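Accompanying notes for the structure given below.
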Amino acid sequence: MSSFHPYLLERRLRLARMVVWVALAALVVVFFRTQILEHSKYQLQSETNRLRPIPLPAPRGIITDRNGKVLAENVPGYTVSLLPAADEDSLHATLTRLAPFVKLDNAGIERVLVRYRRTPYVPVTVLPNATFAVVSALEERRLIFPGLLIQPEPKRHYPDSALVAHLVGYIGEVTEAERAQRRLAPVRLGGLLGKDGLEREYDDSLRGADGVRFVEVSALGRVVRDVGAASTLPPIPGRALSTTIDLDLQRYVAEIFPAGQRGALLALNPNSGEILALYSAPGYDPNAFVGGVDPDYWRSLNVNPAHPLLDRAIKTFYPPGSTWKLAIATMALRRGIVTFRSHMPIPCRGGLQYGNRYFRCWSATGHGDLTLSDAIAQSCDVYFYQLGLKLGLTSMLEDASGLGFRSRTGIDLPGEITAVFPGGTDYYDRVYGPRRWTSAVTLNLAIGQGENAQTLVNMVRFYQMLASDGRARPPYLVHPAAGSNTSLGLSPDQLAGLRQAMNRVVEQGTARGAGRFGGSIAIAGKTGTAQNPHGPAHGWFIGFAPAEKPEIVVGAIIEFAREGPYVAPLVTRVIGHYLGVDTTAASKVRIVFPTDTAPHSRQLLPGPPSVEDSTIVPIVPTDTGVTRPDTGNATPPPRDR
Amino acid sequence: MRPPLREIDKPLLAVTVALAAYGLAALYSAGQTDVPTFVSTIWHKQVIWLGVGLVAMFLMYRTSPRLLEWATPYAYGISILVLMITLTAGTGAGTAASERSWISIGGVRLGQPVELAKLAVILMLARWLAERREAPATLRDLVPPCLIAGVPTLLVAKQPDLGSAIVFIAVLFAMLYWAGTKPSLLLLLGSPVIGLVLAFSTVAWGAWIVVLFALLLWWRPYVWEGLGVMLANVVMGVIAVPFWRRLAPYQQNRLLAFLNPEVDPRATGWHVIQSKIAIGSGGFLGQGYTHGPQKRLAFLPAQHTDFIFPVVGEELGFVGVLLALALFAALVFALLRISRRATDPYSSLCVFGISGLLFSHIIENVGMTVNLLPVTGIPLPFFSYGGSFLLACSLAVGISLRVAWESRQSGYAEL
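Chains A and B, in that order, give the protein sequences.
Everything in the first sequence is counted per the working numbering, starting at 1 for the first residue and increasing by one.
Everything in the second sequence is counted per the working numbering, starting at 1001 for the first residue and increasing by one.
The following block contains the structure:
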């Protein structure tokens, strides 16, 4: 029988048909599974394939002074970035081609690659601050740069730059460590963050929320088009921040602040705590941090012995010196130990023998027999030695705590350090051993030496109480810190008496000639000289005016000012400027400054660490969590190019 | 007698025209990318090739099977010769740049001779099997057809074009089966391949040898043949690993990527991953004709040749896929029907071989787009761009139309 008999063929055909049916059925099943059952999975893959999220940076809120003048604003800028490439090699190739246009050296390319490795799915920034010329040059050659992305992006700008540096702080790219914090979790990698000053303190409201837009890219990574507006999430701009700063006053302070000196000045409204000016010298250029700080600049800031990044108003301790005498006077008055007419048993003959030590007064010739008012005006050490002894160490330590000399003011700036003052006599037991110390420490504490280290802002806050109705109003720039009910506890008469005495400091006392502009305004204040074991003493002056009904308190400290011909005139000129009187006369007057040469028995606690070149080294308690700009092996913040 | 056009087999012609139209539409869409490439105008050329194919189809319709049978040895001889020339002087092109699969004169690429050689092999096998009248009963009887198919298989495998080599083998088995070869014999013939695949696991290979031995005892072939089969399987087991090492890396990768596309998602697995994404994102109704994003944004590789089916899947969805598969099924069933009713064994074998050829192309091409089969670069009939294969398909359909007319002429009726 032929193998091609129709019957045999029909049998074979059946099997052949079956094979075809089975194969097609298998295909249909697989397609059904792929297209129907797993559709959503592949749909998602298709979209992630082709859609690339491009972050839309939110413009940071502007920062203004009390009159709406701009401290920090945003200016248009361009960012050049590259969409993630298929792999590092092709990114490297593109960067190499891009290098001549954006002035990228090999190290710069390596930095970009490092950034790419950290976040391989978002566009990697190549040039954060592109000029228009660079942008147009790149646009012309767009075709040879796959994945090139040029975005207009708001750039931070500080019109007054170094003048407001310590107020506004600076911004920088978020670090890995920062992103680990829950608060900063929403900040995208590569996002900007306030790193210091107001930018940091109010970062949450200034920052806004970044938006995102999606672009469609081809398999080669070229941007093909924007996906429709529907899938774009617009950025939410940061909220504007209105501060209490008086920019005119701030500028004036910077203008008259003695050039080349290190120090700080703080001006505030005693009746509200509003800070009118906050200036620390030397400053730095916060604009240099926008778009990543240049490593050279960062290094220069860090090796600079003057520590330009340090805000000397809130982050440095100084012995308060004679400015402290008002605190002793306050304590004695509120405890009813003295009145303004009280005399001390021993008149000032240039010093006081106590035990086996002789404590000198700053005036070798002596002040004679003084009342409290006179003693404040003359800043007589001998009087206050005795007043301190009368007050007693325990009361002094207790009252200092009550008056806030062991705490922070709560100013709304990051990194304020806590003032240092012994909390009780057990402190001395600990340091010297029980019964190994005498009440001689009281004498030192009574004139603002010894174990006493105050920040400028904390001293100014104390003077604010003196200048107002006696209640503390914590200094603030935007929002006052809540829950302070510190009060001097003095009667209005006593307050008035203290102010009068302080007025006499300026009229006839140690800052004679610094105030009274044409007899129009009475300025009250107190000088101080902080003993500095490492070099010339630091000069203090804290004053307020008008003495009868103060409207402004200004405190200033200038490091190594010695007999400081600067400090009191500086403060009085600031006051005069604020109150709108002519201040030219003041600078012509020669001022005699007291040298508060009370012997200091010990170093300040917790004792400045080993210091180089005789600066006072800012002591930052570790528990504040503030990163102090260190001179050592500081790593510069990541820079974008 | 010349067959008039009105007596043409209408179902086959209709499904062919439908497939050609569908394929052209898919090819047009494949060129619609966001960044236009040469693919965007390639459908113009395909239209010309369709015209050429139509003429060829008509010519074959007018050609008597007897003339074809007479010309078969010459066609086969020329094919082998051209394949040899291709191997020494061939050039690569397009998506198969590394393969020597093109023949060109003076820098002008004429075509891929392998596609026409497939047809010639079918004709040659049909002629040899039809002449015998009796079905091959022993392995020895299978040597000549194996040689007929084996020589071009080796030649294209050297190019290397693994896909076409597999098609030759598939066609050989299909035609041997249609000629009445017992399935057991075919299994013995194919056993070395099974031994080769299983050799990668010693246990599996050992088990296979035991099973094979049992089968040989049961089926009782000639002793020498049985020994030969056993020997071939053992040899395959031994040479499997050296053979694997001799494969080109891309061939190894294709097989590995078939097992797990994620092995190498940027290179070899890329095709399969992107293809599956395109098909899967199509869903039930698709993303809309010419609007498939995977294709538009060039994620889909070779979207006008080997991976044209994902374009259909992405843009027309499951519905479009079903339609295409239904048309392909109709084509294959029409060919099977014609093959069954053919007046003589030669015609019948020819048409069955043609259906086997098209079927293996369809299954392999469509199967690889969903990772059902490993990726080999063989085109999808009437869809993939390419003149040679379109011409071969047209000739094949022309032959089938003539065979259909012959049986109609002889008054062949349903059994």
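Backbone N, C-alpha and C fix where the C-beta goes; we use that ideal spot for every residue, glycine too.
This structure is a prediction, so every number in the text was calculated from the model and none was measured.
Query	Result
In the DSSP output, which residue or residues are listed as bridge partners for N452 of chain A?	None, per the DSSP bridge assignment.
Taking Q1294 of chain B as the query, report the chain A residues whose CB atoms sit under 8 Å from its CB, ordered along the chain.	S46, N49, R50
Measure the beta-carbon distance from H1271 of chain B to Y1385 of chain B and round it to whole angstroms, keeping in mind my assumption that it falls under 8 Å.	Not confirmed; about 17 Å, so no contact.
Anyone know if the C-beta pair for P414 of chain A and D196 of chain A falls short of 8 Å?	yes
State yes or no: is the C-beta of V478 of chain A within less than 8 Å of the C-beta of V553 of chain A?	no
How is the alpha helix (DSSP H) around F359 of chain A delimited, first residue to last?	Taken as a continuous stretch (DSSP letters only), F359 of chain A belongs to no alpha helix (DSSP H), being part of the beta strand (DSSP E) at 357-360.
Which residues in the same chain have their Cβ closer than 6 Å to the Cβ of S610 of chain A, if we skip the five residues on either side of it in sequence?	Only weak support exists for where S610 of chain A lies, its pLDDT of 32 falling under 50; the value from the coordinates is given anyway. Excluding positions up to five away in sequence, the list is empty.
Between A1179 of chain B and L1129 of chain B, how many whole angstroms is the CB-CB distance? I'm expecting something under 8 Å.	4 Å
Would you decide whether M18 of chain A is buried or exposed? Buried here means 16 or more other CB atoms lie within 10 Å of its CB.	exposed
Say whether the stretch 349-361 of chain A touches the stretch 522-534 of chain A, bearing in mind that this needs 3 or more beta-carbon pairs closer than 8 Å, one atom from each stretch.	no
Any idea what DSSP makes of D65 of chain A, helix, strand or coil?	coil
Which residues, in order along the stretch 1112-1138 of chain B, keep a beta-carbon less than 7 Å from a beta-carbon of chain A?	R1133, E1134, A1135
Is the number of C-beta pairs between the stretch 385-402 of chain A and the stretch 419-427 of chain A that are closer than 8 Å three or more?	yes
Name the residues in the stretch 29-40 of chain A whose C-beta lies less than 8 Å from a C-beta of chain B; which are they?	V30, F31, F32, T34, Q35, I36, E38, H39
What are the residues of the stretch 132-149 of chain A that lie near chain B, defined by any Cβ-Cβ distance shorter than 8 Å?	none
In the DSSP assignment, find the unbroken beta strand (DSSP E) run with T119 of chain A in it and report its ends.	No beta strand (DSSP E) contains T119 of chain A, which DSSP labels as neither H nor E.
List, in order along the chain, the chain B residues whose C-beta lies closer than 7 Å to that of R12 of chain A?	Y1177, W1178
When you compare the stretch 1179-1193 of chain B with the stretch 1224-1244 of chain B, are there three or more beta-carbon pairs, one atom per stretch, that lie closer than 8 Å?	yes
Quick one, which residues of the stretch 181-207 of chain A are near chain B if we go by CB-CB under 8 Å, in chain order?	none
To test your reading of the DSSP string, which unbroken beta strand (DSSP E) runs of 3 or more residues are found completely within the stretch 16-43 of chain A?	none
Do H157 of chain A and V80 of chain A have their C-beta atoms within less than 8 Å of each other?	no
Under 8 Å, do L71 of chain A and I314 of chain A count as touching if we go by C-beta distance?	no
Along chain A, which residues have their Cβ under 7 Å away from the Cβ of G1367 of chain B?	L27
Does the contact criterion of 3 or more C-beta pairs under 8 Å hold for the stretch 35-50 of chain A versus the stretch 172-185 of chain A?	no
Counting only beta-carbon separations shorter than 8 Å, does R117 of chain A have a partner in chain B?	no
Please list, in chain order, the chain B residues whose beta carbon lies closer than 7 Å to that of S3 of chain A.	E1134, A1135, A1179, G1180
Given that E216 of chain A touches chain B, what residues does it touch there, using C-beta distances under 7 Å?	L1297
Tell whether a beta-carbon distance below 8 Å holds between C348 of chain A and G321 of chain A.	no
Counting along the chain, where does the beta strand (DSSP E) carrying N287 of chain A start and finish?	Counting along the chain, N287 of chain A falls outside any beta strand (DSSP E), and DSSP gives it neither H nor E.
Would you check if the distance between the CB atom of A1314 of chain B and the CB atom of I1279 of chain B is smaller than 8 Å?	Rather than Ala, the amino acid found at residue 1314 of chain B in this sequence is Glu. Taking 8 Å as the Cβ cut-off, E1314 of chain B and I1279 of chain B qualify as a contacting pair.
Quick check on W1102 of chain B: does DSSP put it in helix, strand or coil?	strand
Indicate the three-state DSSP secondary structure (helix, strand or coil) for W540 of chain A in the structure shown.	strand
CA-CA distance, I1239 of chain B and T1202 of chain B?	13 Å
Considering only C-alpha positions, which residue in the set B:G1356, B:A1396, B:G1286, B:P1310 is nearest to V1366 of chain B?	B:P1310
Please report how far the alpha carbon of L1380 of chain B lies from the alpha carbon of G1387 of chain B, in whole angstroms.	12 Å
Take the Cβ of Q603 of chain A as the centre, count every other Cβ of all protein chains shown within 10 Å, and call the residue buried at 16 or more, exposed below.	Note that Q603 of chain A scores 29 on pLDDT, short of 50, meaning its location in the model is unreliable and no value can be drawn from it.
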